[in-house]
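Some notes on the structure that comes next.
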Amino acid sequence: MFSFTKEQKVFDISGLTIGGQPGMYPTVLFGGLFFKGEPDFDDAKRHLQTSYEHSKRTGVPVIPDFFIRKVEYIEPILSFIEKVVPKKHPFSIDIIEPSIKIQTLEQLGSRKLLPRTIYNSIHIGMTKEENDALRTYTPEAAIVVAFNPKDKSPDGKIEVLENGAHLLEFGLLDIARRIGIEKLLIDTAALAPGENSGAAIAALPVIKEEYGLPTGCAIHNVVEKSRWLNDFPFAKKTVDVASNNAIPLFGGDYAIFGPIENVELVVPLIAWQDILVSEYTENYFGISPVASHPRRKLLK
Amino acid sequence: MTDDYYPWGGEFAICSRQGCVAVVILNVQYTPPPSVAIYGPLRTENIGIEKIIANTISNPWIRFLVLCGEDIRGHRSGSSLIALHKNGIDSNHRIIHAPGAIPYIENLKEEAIKRFQTQLSIIDLIGEKEKEKIDAVIGECIKKSPQSFGEPYIAIRLKPQTTVTLTDNRALHSKIIIDYLGKVKKRGA
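Residue numbers (the working numbering), protein chains in the order written: chain P, 1 to 300; chain U, 1001 to 1189.
Set out below in structure tokens:
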């Protein structure tokens, strides 16, 4: 458990607080919706309600991360957000195809949803058109993925944030700030086993000490790509959920934990881990947890 | 798995040692016949492609690369692999005209890419999901019984197992110092 010398930034994103010294604010969770098949809005509504109930009980915030796979899903998913996600709550949009990203940004702008939007994500593959669209339709916050295909170590991740690692003219942080996004969440880019998967965790304290920005990752992706775990079906989900523990333990601020179906397992796990971290960091570093922290909510 | 013929471990399956066909399985449930040399999935348009190049040019008997199934949404890994074979990479190591999101080749020399372009012919069956049709195309390739391309090209060598003796007191990473309580400081600051 760590405390950082570098001043740690704390962002308010549409009422949600993220960042700071370990033990101060609860770890923020991102739960994914609509990864596969046709969007099932009834199912999604149920999972969102469960998420918000669990957040309320534990203090661990859950942000819905909407995966938009096809152009024809943009309109119904954004309408769903308007109707079902509580007003003023933040959400993130997770899109791979640049053209769908651009169209979604336009619609988020026209629906006045940008002040609640966390853009997932800015990375080295960003096109000029996407950059232009972001300047016109600027989201409140963005996840910046420190993926460097040449160097998967923490140094390589910093290089891509700092100077673009010779793949881009500028570093990703500079690019995001030139667009006008100040609330940046760094994603340490968890890669498959065999691709220095551990670097995503080791990079958490390194990057937080370097930039003081909220930092996290989708460490569960490493579990998903650990095909050998298919031979242990009873254990696979436990490993998937438990992998998220490493993030707060190494000083991280948020976990992108995969399908929101796992929210009932991940939220108590993270609440437990946050309490563990808070007890130590308050004792040794004098970091007092905020009123909404699981330690305050659950330990009476 | 890893193998002498295939230096970069991964999810692939090895079949015939002197088979002339490698099969890239995109979004489809399909098992190629045992007469192919190697087959496996492709997911990402960067490291995934690099692995395929390294693990095909290492076996000079492989002369055909068959891509089948629906392309990977967003990543467009199959189409990016075809773009690489056709166009190569630019000065930033980006695959020229690749439709994928992050199509960069960073871990292979240009020489390896040139070898890939000359040793292998691409058989583009992207979109094809019917086993009979894919099997038939693979069968036609095998019937041509092409010659070996010559010597193997080892594009990448995984580091051998080593024992590292830590002689300094670095904890976690060289950029930071963590004291015994857990306080993190930038090294040299």
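Idealized CB from N, CA, C, for every residue including glycine.
In this text, all values refer to a predicted model and were calculated from it rather than measured experimentally.
- Could you check which residue in U:1042, U:1021, U:1035, U:1179 has the C-alpha nearest to that of residue 1029 of chain U? Stepping through the second sequence from its first residue, residue 1029 of chain U is reached at position 29. Among U:1042, U:1021, U:1035, U:1179, the Cα nearest to that of residue 1029 of chain U belongs to U:1042.
- CB residue 1044 of chain U to CB residue 1085 of chain U, shorter than 7 angstroms? Position 44 of the second sequence, counted from the start, is the residue given in the question as residue 1044 of chain U. Position 85 of the second sequence, counted from the start, is the residue given in the question as residue 1085 of chain U. It is not a contact, given that the beta carbons lie outside the stated cut-off.
- Message: On the CB-based measure, 16 or more other CB atoms within 10 Å of its CB, does residue 157 of chain P come out buried or exposed?
- Response: Position 157 of the first sequence, counted from the first residue, corresponds to residue 157 of chain P. Its Cβ being crowded by 16 or more others within 10 Å, residue 157 of chain P is buried.
- Whose CA, out of U:1182, U:1019, U:1130, lies closest to the CA of residue 1059 of chain U? For the purposes of this step, residue 1059 of chain U is taken as the residue at position 59 of the second sequence. Residue 1059 of chain U has its Cα closest to that of U:1019, out of U:1182, U:1019, U:1130.
- Proximity test, Cβ basis, 7 angstroms: residue 1074 of chain U and chain P: Counting from one through the second sequence, the residue named residue 1074 of chain U turns up at place 74. By this cut-off, residue 1074 of chain U is an interface position.
- Item | Reduced DSSP category for residue 1110 of chain U - H, G, I as helix; E, B as strand; rest coil | Within the second sequence, residue 1110 of chain U is the residue found at index 110, counting from 1. In the structure shown, residue 1110 of chain U sits in a helix (DSSP, three-state: H, G or I).
- Do residue 186 of chain P and residue 144 of chain P have their CB atoms nearer than 7 angstroms? By one-based count along the first sequence, residue 186 of chain P stands at place 186. By one-based count along the first sequence, residue 144 of chain P stands at place 144. Yes, they are a contact pair.
- Could you tell me the distance, in whole angstroms, from the CA atom of residue 160 of chain P to the CA atom of residue 154 of chain P? Counting from one through the first sequence, the residue named residue 160 of chain P turns up at place 160. Counting from one through the first sequence, the residue named residue 154 of chain P turns up at place 154. The alpha-carbon atoms of residue 160 of chain P and residue 154 of chain P are separated by roughly 10 angstroms.
- Below-7 angstroms beta-carbon distance, residue 1013 of chain U vs any chain P residue: Translated into positions along the second sequence, residue 1013 of chain U becomes position 13. No, residue 1013 of chain U lies away from the interface with chain P (no Cβ there is under 7 angstroms from its Cβ).
- Query: Of all Cβ atoms in chain U, is any one closer than 7 angstroms to the Cβ of residue 150 of chain P?
  - Reply: Taking the first sequence and counting its residues from 1, one reaches residue 150 of chain P at position 150. Yes, residue 150 of chain P lies at the interface with chain U (some Cβ there is under 7 angstroms from its Cβ).
- Closest residue to residue 1127 of chain U among U:1180, U:1053, U:1078, U:1100 (Cα-Cα distance): What you label residue 1127 of chain U is simply residue 127 of the second sequence in a count that begins at 1. Residue U:1078 is the option with its Cα nearest to residue 1127 of chain U.
- Message: For residue 60 of chain P, tell me which candidate among P:138, P:286, P:18 has the shortest Cα-Cα distance.
- Response: Within the first sequence, residue 60 of chain P is the residue found at index 60, counting from 1. Looking at the Cα atoms, P:18 is the closest of the given residues.
- Give every residue of the same chain whose Cβ lies closer than 7 angstroms to the Cβ of residue 190 of chain P, excluding the five residues on either side of it in the sequence, and list them in chain order. In the first sequence, the residue the question calls residue 190 of chain P occupies position 190. Here the set comprises 197, 200, 217, 218, 219, 221, 222.
- Item | Reference residue 29 of chain P; option with closest CA among P:271, P:128, P:296 | Walking along the first sequence from the start, residue 29 of chain P turns up at place 29. Closest by alpha carbon: P:271.
- Message: Given this structure, state the Cα-to-Cα distance separating residue 1037 of chain U from residue 1062 of chain U, to the nearest angstrom.
- Response: By 1-based counting over the second sequence, the position of residue 1037 of chain U is 37. By 1-based counting over the second sequence, the position of residue 1062 of chain U is 62. For residue 1037 of chain U and residue 1062 of chain U, the distance between alpha carbons rounds to 7 angstroms.
- Coarse secondary structure for residue 1036 of chain U, derived from DSSP in three states: For the purposes of this step, residue 1036 of chain U is taken as residue 36 along the second sequence, with counting starting at 1. Residue 1036 of chain U: coil per DSSP, three-state reduction.
- Item | Cβ-Cβ distance between residue 1068 of chain U and residue 1122 of chain U below 7 angstroms | Counted from its first residue, the second sequence places residue 1068 of chain U at position 68. Counted from its first residue, the second sequence places residue 1122 of chain U at position 122. No, the pair does not count as a contact, with Cβ atoms beyond the cut-off.
- For residue 1020 of chain U, which of helix, strand or coil comes out of DSSP? The residue given as residue 1020 of chain U occupies position 20 in the second sequence. Coil, per DSSP.
- Item | Which listed residue (U:1087, U:1179, U:1064, U:1098) has its alpha carbon closest to that of residue 1145 of chain U | Mapped onto the second sequence, residue 1145 of chain U falls at position 145. If we check each option's Cα against that of residue 1145 of chain U, U:1064 comes out closest.
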